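Numbered according to my numbering, the sequence shown spans residues 16 to 462. Glycine included, every Cβ here is placed at the ideal spot set by N, Cα and C. All figures in this text were calculated on a predicted structure; none of them were measured in a lab.
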Amino acid sequence: MNVGIIGAGFAGLSAAYELTRQGYRVVVYEAAPQAGGLASGFQAPGWSWALERFYHHIFASDRAILELARSIGFEERVFFRSPVTAQWWNGRAYPIDGANPLEGALNVLRFPAVPLFDRLRFGLMVAYLKYGVRDWRPLETVTATEWTRAWMGPRVHEALIEPLLRGKFGPYADEVNMAWLWARFKARTFKLGYFVGGFQAFADALVEAVQAQGGEVHLGTPVTGVRPLSGGTGGWEVRLPDGAEVFDSVITTVPPSVMGRLVPELPGSYLERLLSLKSLGAVVLVVALKHRLTDGLYWVNLDKRQFPMLALVEHTNYIEPEHYGGDHLVYLGDYLPPDHPYFERSTEDLFAVYESALRHFNPDYSRDWVRDVWAFRARYAQPVVPVGYSRHIPPLRTPLPGLYFASMSQVYPWDRGTNFAVEIGQRVAQMVIRDTIGLLDGMSAVS
Ligand SMILES: Cc1cc2nc3c(=O)[nH]c(=O)nc-3n(C[C@H](O)[C@H](O)[C@H](O)COP(=O)(O)OP(=O)(O)OC[C@H]3O[C@@H](n4cnc5c(N)ncnc54)[C@H](O)[C@@H]3O)c2cc1C
């Protein structure tokens with residue numbers, strides 16, 4: 016049995032690792048020149064570690080990715096720290112996390128944007144969501160806005176929840192269901208994890224592990240189409256710029272809109288489900304500075320009513336600047352509808368929009384602190400999950416036998432993340448294995 020996999024992000028690579036481990040012949044095609052997908056990195060001259068194009072860390076509860084790291088012998092290159100996460104309010108940053116639950120709770124109690132009673136209520140509700148809710152399903156029948164206004168209070172909603180929802184989901188903020196917010200509280204930990212060498216080093220190690228088990232990974236190879244073989248014999252043709260390859264099964268891990276274009280034969284009902292999935296894109300600037308910008312802050316949530324972006328992340332307050340030739344690295348990140356004009360703007364134009372924010376964090380900042388700026392854009396970056404979303408998710412097994420689809424839009428109720436990409440990659444691989452065993456059983460029964 017041979018399986019073609021489209022996309023060498025964490026979903027595609029985990030599926031490839033699982034299948035090659037079980038003896039399948041696997042070929043992975045990746046359009047980009049490197050593996051890792053949205054978590055891939057880049058390396059400027061003088062850096063010894065790669066930096067993610069989009070800010071990344073994992074959580075101590077990310078079981079699937081940690082288990083995978085162990086399985087390929089990468090566990091010693093995973094480490095955890097508790098950098099400072101803060102909320103910007105009234106001209107300064109207030110820590111809202113801590114090194115442990117007690118410190119986190121005390122920091123929330125010190126946050127002055129809402130009265131003490133509301134802070135206590137917020138703390139209790141977060142504890143309830145994290146430790147008290149066993150079944151998330153009732154929470155997907157109500158929006159996060161309705162639930163938090165009712166149970167955390169309108170002031171907490173306005174100061175903490177609404178900026179998050181508006182920043183992440185823009186025009187869809189009031190549609191997002193409460194199960195999404197529950198999953199964020201549930202799956203996140205105070206300790207944040209990272210890989211020696213960055214996520215790119217882990218993705219590269221995964222490619223090597225797939226190859227060591229006999230799999231092939233072709234980078235810089237965009238797939239132009241996926242077509243069922245004619246004659247009803249089963250099997251799939253994967254079309255490439257310079258030819259085609261035939262597989263018994265194909266797993267695609269591309270964005271839903273790309274899936275629709277790659278496989279025009281998808282039945283209308285499945286295609287409709289794919290095309291009805293809403294999502295936002297991400298525009299992120301990485302700014303390399305000669306000096307530290309903030310006073311030790313790693314992550315600062317911003318209110319887009321005051322700032323041109325959702326978050327400022329000073330990566331080198333989490334990972335030492337020595338790994339980046341002494342550069343102090345700051346991400347300025349935003350989520351925008353995929354047709355937003357910023358996706359077409361040059362790096363200089365984007366920096367002109369976002370730069371003003373830097374002065375808020377350090378009045379000494381000036382343009383001559385800037386060593387370099389890079390802009391990264393992804394039109395499919397954050398799935399939108401409205402009320403009743405679980406009924407609309409396209410199944411991993413498409414209606415066409417031997418064709419599977421696994422994307423960020425299907426990891427629900429969990430928010431997208433590399434851990435859940437690994438988990439869905441493993442799940443779709445198991446499905447292929449079960450289906451091919453069933454097929455072989457059927458064939459041997461006939462013969
Ligand atoms: C701004 C931002 C911040 C994030 N922060 C975090 C974080 O802190 N922690 C975390 O765990 N996760 C984070 N994530 C989410 C995480 O990056 C994703 O959940 C995960 O990488 C998705 O993996 P995937 O394999 O499903 O998809 P992708 O990584 O998108 O992989 C799909 C691959 O398919 C390839 N492809 C597309 N079309 C074709 C084609 N025609 N032919 C061949 N190849 C093709 C793409 O090039 C890509 O490599 C973040 C994402 C963003 C955008």
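- Membership of asparagine 122 in any beta strand (DSSP E) is not indicated; the residue belongs instead to the alpha helix (DSSP H) covering 116-125.
- By the Cβ rule, the region 202-215 counts as touching the region 72-82, because three or more pairs are nearer than 8 Å.
- Put simply, of Leu373, Tyr395 and Thr35 the residue whose alpha carbon is nearest the alpha carbon of valine 298 is Tyr395.
- Boundaries cannot be given for valine 426, as no beta strand (DSSP E) includes it and DSSP labels it neither H nor E.
- For the options Thr239, Ser245 and Ser264, the alpha carbon positioned closest to that of methionine 274 is the one of Thr239.
- Per DSSP, the continuous alpha helix (DSSP H) segment holding glycine 138 begins and ends at 131-142.
- Non-local beta-carbon contacts of valine 278 in its own chain, meaning distances under 6 Å to residues more than five positions away in sequence, involve Val241 in chain order.
- For threonine 268, the distance from the CB to the nearest heavy atom of ligand 1 is below 7 Å.
- Note on the region 217-277: whole beta strand (DSSP E) runs with a minimum of 3 residues are 231-233, 240-243, 251-255, 258-262 and 264-267, in chain order.
- Beta-bridge analysis with DSSP links tryptophan 389 to Val301.
- Each residue's CA atom was taken as its position, placing valine 141 and phenylalanine 200 some 7 Å apart.
- In the DSSP assignment, histidine 375 falls within the alpha helix (DSSP H) that extends over 371-376.
- Secondary structure in the region 17-58: the alpha helix (DSSP H) runs of 4 residues or longer, each lying completely within the stretch, are 25-36 in chain order.
- Alanine 120 is not a Cβ neighbour of isoleucine 111, given a cutoff of 8 Å.
- Tryptophan 103: member of the beta strand (DSSP E) spanning 99-104, first to last residue.
- DSSP places proline 110 in no alpha helix (DSSP H) but in the uninterrupted beta strand (DSSP E) bounded by 107-110.
- Taking the Cβ of tyrosine 209 as the reference point, every heavy atom of ligand 1 lies at 7 Å or farther away.
- Runs of beta strand (DSSP E) with 3 or more residues, each lying fully within the region 305-344, are found at 312-316 and 326-329, listed in chain order.
- In terms of side-chain proximity, the C-beta atom of tyrosine 357 is found no nearer than 7 Å to any non-hydrogen atom of ligand 1.
- Here DSSP, grouped into helix, strand and coil, assigns glutamate 67 to strand.
- It is roughly 34 Å from the alpha-carbon of threonine 268 to the alpha-carbon of glycine 147.
- In this structure glycine 296 is buried. Its beta-carbon is surrounded by 16 or more other beta-carbon atoms within 10 angstroms.
- One thing to note: glutamine 397 has its Cβ no nearer than 8 Å to the Cβ of arginine 360.
- Leucine 139 and glutamate 155 have their alpha carbons spaced roughly 20 Å apart.
- The beta carbon of leucine 53 sits closer than 7 Å to at least one heavy atom of ligand 1.
- Boundaries around glycine 208 are those of the beta strand (DSSP E), 207-210, since no alpha helix (DSSP H) includes it.
- A distance below 8 Å between beta-carbons, with the five flanking residues on each side excluded, links proline 237 to the following residues of its chain, in chain order: Tyr44, Ala46, Leu255 and Pro256.
- Ligand 1 has a heavy atom closer than 7 Å to the beta-carbon of glycine 22.
- Distance between leucine 196 and serine 424, taken at the CA atoms: about 15 Å.
- At a cut-off of 7 Å, the beta-carbon of glycine 185 does not count as near ligand 1: no heavy atom of the ligand is closer than that.
- For glutamate 363 and leucine 304, the gap between their C-alpha atoms comes out near 16 Å.
- Partner residues in the beta bridge of glutamine 397, as assigned by DSSP, are Leu295.
- Note on geometry: alpha-carbon atoms of serine 29 and tyrosine 313 lie some 29 Å from one another.
- Annotation for alanine 224: Tyr32 and Ile87 place their beta carbon closer than 7 Å to its own, counting only its chain and skipping 5 residues before and after.
- The beta carbons of isoleucine 266 and valine 443 sit about 6 Å from each other, so the pair counts as a contact at 8 Å.
- Going by beta carbons, alanine 65 and glutamine 226 fall outside the 8 Å limit.
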